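> I am attaching a structure below and will ask some questions about it afterwards.
There are 2 protein chains.
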Amino acid sequence: MGVTQSHLFTEDQNQLALIAKAIAHPARIAILHHLIKTKSCINGDLVLEIGLAQATISQHLRELKEVGIIQGTIEGTKINYCIHAEKWNELKSLFQHFFESYSACCDSSC
Amino acid sequence: MGVTQSHLFTEDQNQLALIAKAIAHPARIAILHHLIKTKSCINGDLVLEIGLAQATISQHLRELKEVGIIQGTIEGTKINYCIHAEKWNELKSLFQHFFESYSACCDSSC
DNA sequence: ATTATTTATTGCAATATTACGATATAAAGA
DNA sequence: TCTTTATATCGTAATATTGCAATAAATAAT
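Written out as C-alpha cells, the structure is:
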C-alpha cells in the first residue's frame, strides 16, 4: 500500500503527473521564479533569497534537475543553474494541451 | 520538520503549488481526462474505468473538489461530477502566466 | 599544504500521501 | 420496512516528502 499504481495509467498521465509534482512545492516555484528573474543563471544564493537550509535547497534543485526543467554548469566552486529552455517549452505545451482539452466545449452544466 | 514552510513564499507561489499538487497524481489526471471525454458529467463509474478501489477514487475526487477544479451534484443515490468551468479557466491562465513568464526572453545559455 | 567556500550527500525525525477494507450514510426500489 | 445501490468516511499500513544538522567532496585562495 501507499505506492502510486502507475501501471493503471497511460504514459501521458504518468508523465504529466511527474511534472506537476516537480512544480508542486512553493520552494521549487520560488527557485524557478528566481532563475527566470535573474536571467543570468544565478547559483545557490538561492539559500539567501529563500529562507531554507542549504541542504534543503540543494535537494529541491536536484528534483528540478531530475525532470530536466533546469540544468547546472560547474563554474569553479560554484554552480550556475538555469532554466532548460527546450524542456521548458516542452512542458509548457504539455500543460497547454491538457488545459485546452477541456476549454473548447463545455459550460459548467453539471 | 517535514512540514512545508509556506510562510517563506508568496501567496502566488503557494497557490500555484497547491494546484500543481492537485494535478500531481496520475489517478487524478485520469479522472479529469474522463470527465472531459464524457462531457455528460459522469459519476463514480470511475471506479470501473480506473482500476482503484472505491474508497481511493472517492478520496481523489475530494482532493479535486477541494481545490475547486471539479464539482458534484447529487442525483438520487449517485453523484454527478464535472469540471468546474470557471475554475478550470482560472487555473489554465495561472499556468499559462507561469510558463510564459520565462518563454519570452531566454535561450539556454547557461 | 592548509584553509575557506560552495555544493552534494547521508541520516534521521516529522509529516503527508496513497491505498484499501470495513463501516457509515443516504436515497431508491422491492 | 427491508434491501439494494452509490458514495463518503474512518482506521490503518506502506511509502513518500520535507527539512535540517552533520559531513563529504571538490575547487579556490592564502
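Protein chains in written order, with our numbering: chain A, 109 to 218; chain B, 109 to 218. Ideal placement from N, C-alpha and C gives every residue a C-beta, glycine not left out. It should be emphasised that the depicted structure is a prediction, and the values quoted were computed from it without experimental measurement.
#1: Could you please tell me which residues of the region 125-138 of chain B, in chain order, have their CB closer than 9 Å to any CB of chain A?
#2: Over what stretch of residues does the beta strand (DSSP E) that includes B/Thr112 continue unbroken?
#3: Below 8 Å between beta carbons: does that hold for A/Ile158 and A/Ala135?
#4: So, helix, strand or coil for A/Ile139, using DSSP?
#5: For chain B, find out if any of its Cβ atoms is closer than 8 Å to the Cβ of A/His168; answer yes or no.
#6: Tell me, please, whether the region 158-172 of chain A touches the region 166-177 of chain B by the rule of three or more beta-carbon pairs shorter than 8 Å.
#7: If I'm right that A/Ala225 touches A/Ile177 with Cβ under 8 Å, what's the distance once you round it to whole angstroms?
#8: Could you list the residues in the region 167-201 of chain B with a C-beta less than 8 Å from some C-beta on chain A, going in chain order?
#9: Of all the CB atoms in chain A, is at least one closer than 8 Å to the CB of B/Gly110?
#10: With a threshold of 8 Å between beta carbons, is A/Asn151 in contact with chain B?
#11: Taking the alpha-carbon of B/Phe203 as reference, which of B/Val175, B/Thr112 and B/Leu124 has the nearest alpha-carbon?
#12: Using the C-alpha atoms, what's the distance from A/Phe206 back to A/Asp153?
Here's the rundown:
#1: Ala125, Leu126, Ile127, Ala128, Lys129, Ala130, Ile131, Ala132, His133, Pro134, Ala135, Arg136, Ile137 and Ala138
#2: Segment: none, B/Thr112 is in no beta strand (DSSP E) and carries neither H nor E.
#3: yes
#4: helix
#5: no
#6: no
#7: The question about residue 225 of chain A has no answer, for chain A in this structure spans 109 to 218.
#8: Gln179, Gly180, Thr181, Asn188, Tyr189, Cys190, Ile191, His192, Ala193, Glu194, Trp196, Asn197, Leu199 and Lys200
#9: no
#10: no
#11: B/Leu124
#12: 34 Å
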